[in-house]
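Enquirer: In full-length UniProt numbering, the protein residues as written are 1 to 199.
#1: Could you say which of 53, 79, 112, 74 lies nearest to residue 151 if we only look at CA atoms?
#2: Quick check on residue 82: does DSSP put it in helix, strand or coil?
#3: For residue 178, report the span of its alpha helix (DSSP H) as first-last.
#4: If residue 66 sits next to residue 95, beta carbons under 8 Å apart, how far is it from one beta carbon to the other, in whole angstroms?
#5: What span of residues does the beta strand (DSSP E) with residue 114 cover, start to end?
#6: Could you spell out where the alpha helix (DSSP H) holding residue 105 opens and where it closes?
#7: Taking DSSP's pairing of strands, which residues face residue 64 in a bridge?
#8: Looking only at its own chain, which residues have a Cβ that is under 7 Å from the Cβ of residue 122, when we skip the five neighbours before and after it?
#9: May I have the straight-line CA-CA distance separating residue 111 from residue 88, to the nearest angstrom?
#10: Take the Cβ of residue 25 as the centre, count every other Cβ of all protein chains shown within 10 Å, and call the residue buried at 16 or more, exposed below.
#11: I need the straight-line Cα distance from residue 84 to residue 155, nearest angstrom please.
#12: Roughly how many whole angstroms lie between the Cα atoms of residue 93 and residue 86?
#13: Considering only their Cβ atoms, is the gap separating residue 54 from residue 131 smaller than 8 Å?
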């Protein structure tokens with residue numbers, strides 16, 4: 001059913017992500033993409049019908065290919081929701097089977113556009129935009145954590161490109177200390193902190 005919910009995210013304490021991103025990108029630090037496997041950030045709630053509705057809404061504006069729709073959903077949700085190809089392309093196939101979209105091959109890519117029935121169906125939508133609904137389901141503090149993660153990635157990229165050996169050594173020490181502090185925070189009992197705050 002469309003009201004069934006899926007939580008996007010991994011287990012609470014997995015191993016850390018790889019330290020160096022491939023091909024010079026920001027890799028696991030990219031705030032516009034979901035954290036790499038192993039990053040313990042709780043994601044937004046995505047209903048099973050959200051992907052389908054988001055695709056209809058985007059195609060109502062203009063024809064797009066699957067990759068463009070994935071990128072646009074990520075952009076409009078400020079990086080909070082980035083549907084996987086494994087959810088987008090089956091949804092597009094279903095919409096095509098139902099006669100709501102049609103696909104055209106061009107330059108090795110499939111571009112999708114609404115049929116008349118698909119446009120009528122999209123016109124009937126009166127709710128909030130799906131990416132806005134999904135973005136609102138993300139706890140604010142988790143969203144801020146993702147943004148900080150992305151900002152750290154920007155610094156990391158600059159570090160790998162221009163830092164001296166001494167700066168790299170200082171940064172390694174800082175990151176090791178920060179990692180220890182994070183695990184210390186996770187190990188602390190919240191009730192003890194609350195008790196200290198009342199004294």
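Heads up, the beta-carbon is just placed ideally off N, CA and C, and yes, glycines get one too.
Being a predicted model, the structure only gives us computed values, none of them experimental.
Expert: Looking at the coordinates:
#1: If we check each option's Cα against that of residue 151, 79 comes out closest.
#2: For residue 82, the three-state secondary structure derived from DSSP is coil.
#3: Under the DSSP assignment, residue 178 falls in the alpha helix (DSSP H) whose first and last residues are 165 to 187.
#4: Going by Cβ atoms, the distance from residue 66 to residue 95 rounds to 12 Å, so no, they are not a contact pair.
#5: Under the DSSP assignment, residue 114 falls in the beta strand (DSSP E) whose first and last residues are 109 to 114.
#6: Residue 105 -> not in any alpha helix (DSSP H); beta strand (DSSP E) instead, spanning 101 to 106.
#7: Paired residue(s): 112.
#8: 56, 57, 60, 114.
#9: Cα to Cα, residue 111 sits roughly 13 Å from residue 88.
#10: Model confidence at residue 25 stands at a pLDDT of 38, short of 50, so the residue's coordinates are unreliable; what they give is reported in the following sentence. Counting Cβ neighbours within 10 Å, residue 25 comes out exposed, since fewer than 16 surround it.
#11: If you take the alpha carbons of residue 84 and residue 155, they lie about 27 Å apart.
#12: Taking C-alpha positions only, residue 93 is separated from residue 86 by approximately 11 Å.
#13: Residue 54 sits close to residue 131, with the two beta carbons spaced by under 8 Å.
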